[in-house]
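Notes for the one structure printed next.
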Amino acid sequence: MLKSEWFNWVFFLLLLLTSFACTNNEKDDRLAGNDWPVYLGSNGSAQYSTLKQINKENISLLKPAWQFQAGGHDVNNKSQIQCNPLIINGVLFGTSPDLKAFALNAATGEQLWEFDPHKSFEFGTSVNRGLMYWESGEESRLFYSAGVYLLAINPKTGELINGFGEGSKVSLRKGIRL
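Residues 253 to 430 (my numbering) are what the sequence shown spells out, left to right.
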């Protein structure tokens, strides 16, 4: 199996599982703590969900709820993605192999927004290590890196946070001797 096929299957399965995690109609799962807010699911890196809708009796009945093609795969295998999506309040946040960030309705797969860092900054290809979500009161941000820059994005709109760093970015190389 080619690396791109492997990536597509892993990404598809992750999206499938996260969509089931967000479609429980018995109660509002977001209030029950069923988000996937950080890498590996929790601050303790549990890699485990307490959801009970999928079990060994019904797993054979699962069918895809939706699919999303992020695109951005480099056919010459010069792109990588090494992260998992986050789910915050029913919104799935992810990144593509070409470093675009996106938000999806986790229950339906509808794309809410996409941010393309290549339209704002110049940089080459780089490894994608994922996203981090932060909030305090009414303020929230998604952080991720593109090239040598750390970016802060408004998770509701997909726009850069004005006033963050210099020109809406922070250089991860500034002040480091190479």
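Just so it is clear, CB atoms sit at the ideal spot from N, CA and C, and this is done for glycine as well.
Keep in mind that this is a model prediction, so the values were computed, not measured.
Between residue 317 and residue 354, the beta carbon gap of about 18 Å keeps them out of contact (Cβ cut-off 8 Å). Between residue 403 and residue 337, the CB-CB gap reaches or exceeds 9 Å. In this structure, DSSP gives residue 371 a helical state, which the three-state scheme calls helix. In terms of Cβ geometry, residue 372 and residue 421 form a close pair [threshold 9 Å].
Residue burial is scored here from C-beta neighbours: residue 346 has at least 16 other C-beta atoms within 10 angstroms and is therefore classed as buried. Residue range 391 to 398 is occupied by the beta strand (DSSP E) that includes residue 393. When the Cα atoms are used, residue 387 and residue 408 turn out to be separated by approximately 12 Å.
For residue 347, the enclosing beta strand (DSSP E) begins and ends at 343 to 347. Approximately 3 Å separates the beta-carbon atoms of residue 324 and residue 350; this is inside 8 Å, confirming the contact. In the DSSP annotation of this structure, the continuous segment of the beta strand (DSSP E) that includes residue 402 starts and ends at 401 to 405. Per DSSP, the unbroken beta strand (DSSP E) holding residue 356 starts and ends at 353 to 357.
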